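Numbering (numbering that gives the first Met the number 0), first residue to last: 0 to 233.
What follows is one structure encoded as structure tokens, with my remarks underneath.
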Amino acid sequence: MACAAPEANIKKAETLVRIAHQRGAQIVLLQELFQHTYFPIELSSQNFHLADTLESSGILRGMQALAKELSVVLPISFFERYKNSYYNSVAVIDADGSILGVVRKAHISGTVKSILEIIHPYEGHVVDVHSVDRLGYNDKYYFTPSDDPVPVFHTVSRHVGTEESDGVQVTFCGSSFITGNTGELLKIADRDSEGVLVDTLPLGKFHIRRASWGLLRDRRPHLYKGLLTRDGSA
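Structural data, given as structure tokens:
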């Protein structure tokens, strides 16, 4: 979706969630920081007043009510103030409206550049160890699959349109997509239009593939301790 004023953004997001629900979606992924225009285009201290705590966030309260009403799961991106730090966070709202947990991204993007953590495979490997079946990315520029793909389904939700912040203008590439667990493209949006993508993911077949995936089967985590130190000592 293209973003403008906060009230209009929230209303549009709710409309898109309802459309996805009407089409049978049980988990609906909205894009990154959709409440505002994409202010991390340029790092500026003037934007820190936009942050909310988990407890005070109005966008989360509204989305909790919507999730409960429609019985859908909503991973919601928001700018979070946690203690003395600020995070590009995602709160996972369950179908009953409760918050299952919060993922706090390690950084807030500055001037446009490659976002290495998005294309780095290890975050996918870690959640796969925890038996996660689906990964969702609130991506805004691009997504590059790893050469060693994690066998989970990927959903990538992206901005469209052109936005400006502090004199820096960016045109987003759109092209939100859904892949299968081997990277095959199931659905893709165009570069310019707002829209909703819905697909059914065969989780039963996925578990058969996961059982034979060597990275999980052959792991020896007791040998990894040295990687957590600067000098390699275990």
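From the three backbone atoms N, C-alpha and C, an ideal C-beta is built for every residue, glycine too.
Bear in mind that the values here come from a model prediction, so they are computed numbers and not experimental data.
May I ask you to report which of helix, strand or coil DSSP gives residue i?
| i | result |
| --- | --- |
| S44 | helix |
| A64 | helix |
| L200 | coil |
| A90 | strand |
| L49 | helix |
| F38 | helix |
| R229 | coil |
| L222 | helix |
| G173 | coil |
| L69 | helix |
| L185 | strand |
| F78 | strand |
CB residue i to CB residue j, shorter than 8 Å?
| i | j | result |
| --- | --- | --- |
| E193 | V159 | yes |
| G96 | Q63 | yes |
| E162 | I26 | no |
| E236 | R60 | Shown here, the chain extends from 0 to 233; a query on residue 236 therefore has no answer. |
| D189 | S174 | yes |
| L28 | A12 | no |
| N87 | L32 | yes |
Quick one: give me the first and last residue of the alpha helix (DSSP H) that residue i is part of.
| i | result |
| --- | --- |
| K82 | It is not in any alpha helix (DSSP H) - K82 carries neither H nor E in the DSSP assignment. |
| I18 | P5 to Q21 |
At least one CB of chain D closer than 8 Å to the CB of residue i: is that the case?
| i | result |
| --- | --- |
| G96 | Absent from the structure is chain D; it holds one protein chain and no more. |
Look at the alpha carbon of residue i and the alpha carbon of residue j, and state the distance between them as a whole number of angstroms.
| i | j | result |
| --- | --- | --- |
| A90 | T228 | 31 Å |
| S84 | T52 | 10 Å |
| R208 | A24 | 24 Å |
| P120 | F205 | Model confidence at P120 stands at a pLDDT of 45, short of 50, so the residue's coordinates are unreliable; what they give is reported in the following sentence. P120 and F205: Cα-Cα distance of roughly 19 Å. |
| S43 | V167 | 12 Å |
| L73 | Y223 | 34 Å |
| L65 | F77 | 16 Å |
| K186 | R22 | 14 Å |
| Y81 | E6 | 24 Å |
| V195 | I18 | 7 Å |
| V71 | E54 | 21 Å |
| V16 | A210 | 33 Å |
| C288 | I9 | The question about residue 288 has no answer here: the residues shown for the chain are numbered 0 through 233. |
| C172 | E183 | 20 Å |
| I75 | T181 | 26 Å |
| S232 | T178 | 40 Å |
| S56 | Q34 | 11 Å |
Starting from residue i and walking both ways along the beta strand (DSSP E), at which residues does that stretch end?
| i | result |
| --- | --- |
| K178 | First, the residue type needs correcting, since residue 178 is Thr and not Lys in the sequence shown. F176 to T178 is the span of the beta strand (DSSP E), which, as asked, contains T178. |
| G166 | It is not in any beta strand (DSSP E) - G166 carries neither H nor E in the DSSP assignment. |
| G100 | I98 to K104 |
Would you say the beta carbon of residue i is closer than 7 Å to some non-hydrogen atom of the ligand GDP?
| i | result |
| --- | --- |
| A90 | As presented, the structure is devoid of all ligands, the ligand GDP included, so that no description of it is given. |
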